[in-house]
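Chains as they are written, first to last, in the numbering used here: chain R, 1272 to 1399; chain G, 791 to 855. For reference, the structure discussed in these notes is given below.
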Amino acid sequence: MEIWQIVGLALVVTVIGVVLRQIRPEIAIQLTILAAIIIFLLILGKVKVIIDLLQNLADQANISSYYLLIVLKIVGIAYLAEFGAQICRDAGEGALATKVEMAAKVSVLVLAIPIIAAILESLVRLIP
Amino acid sequence: MSFNLVLTVAGIGMLVGILAMLLNESGRKEMAQAVTIAGVVVVLYIVVQSMSQLFTLVKSVFQLY
């Protein structure tokens, strides 16, 4: 929620994680995952405010909310994939992390197809 | 409320580590393994629960359905 809470949480988790990694590395990784989840949960309330602002701006500029929705979905996918891939990489599973990122890229591309099609369509209309 | 979860997981980790060490010292290797696995499962249960909470929240905020 507030920045000092997040920094404090991160520092405490770091210290505990360093101690825990020597005796139980498997639980240390899960502790890291939990801390990442909690930090994102704390920050998501503010993200919602930003998204509401963007939606308001888009409404005022008469941009179709369809495109804004696509962009939001892409941001969500990118965040989730980054979250998963980073944790896999921390645990030493670099190959798995790369696969997760590749899957995210493919699904982002699939979501972006309508936008690409619209751009191409307007380009074709510009060229006589 | 969420900070308690981190402390719970850290406590379980320390407890499991010390318990496994004690059991190892007293020559009960299989019991130490069982304790380790039980600790991992309990922590995984907590982590998966909060992860599902995170995923539903992300889905609702970014309108991913």
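Here a beta-carbon is modelled for each residue, glycine too, at the ideal position from N, C-alpha and C. As the structure is a computational prediction, the values presented were derived from the model and not from experiment.
Could you check the C-alpha separation between R:N1333 and R:V1381 for me, to the nearest Å?
Rounded to the nearest angstrom, the two C-alpha atoms are 25 Å apart.
Looking only at C-alpha atoms, which of G:L847, G:L805, G:A822 sits nearest to G:L813?
Closest option to G:L813, Cα to Cα, is G:A822.
Rounded to whole angstroms, what's the CA-CA distance from R:R1292 to R:V1286? Just pull it up for me.
A straight-line Cα-Cα distance of about 10 Å links R:R1292 and R:V1286.
Can you list the residues of chain R that G:S816 reaches, using a CB-CB cut of under 9 Å?
Residues of chain R passing the Cβ test: none, with the nearest at roughly 17 Å.
Tell me which same chain residues have a C-beta within less than 7 Å of the C-beta of R:L1325, skipping the five on either side of it?
Result list for R:L1325: L1339, in chain order.
Amino acids of chain G, ordered along the chain, whose beta-carbon sits closer than 8 Å to that of R:G1365:
Within chain G, not a single residue places a beta-carbon under 8 Å from that of R:G1365; the smallest gap is close to 21 Å.
With contact counted as at least three CB pairs below 8 Å, one residue from each stretch, are the region 1294 to 1307 of chain R and the region 1272 to 1284 of chain R in contact?
Touching, yes, given that three or more Cβ pairs across the two stretches are closer than 8 Å.
Just checking: is the beta-carbon of R:V1284 within a distance shorter than 8 Å of some beta-carbon in chain G?
With 8 Å as the cut-off, R:V1284 counts as an interface residue toward chain G.
Is it a yes or a no for the region 792 to 810 of chain G touching the region 1390 to 1399 of chain R, going by three-plus beta-carbon pairs under 8 Å?
No, because fewer than three Cβ pairs between the region 792 to 810 of chain G and the region 1390 to 1399 of chain R fall closer than 8 Å, the two stretches do not touch.
Are the C-beta of R:K1370 and some C-beta of chain G separated by less than 8 Å?
Not one chain G Cβ lies under 8 Å of R:K1370.
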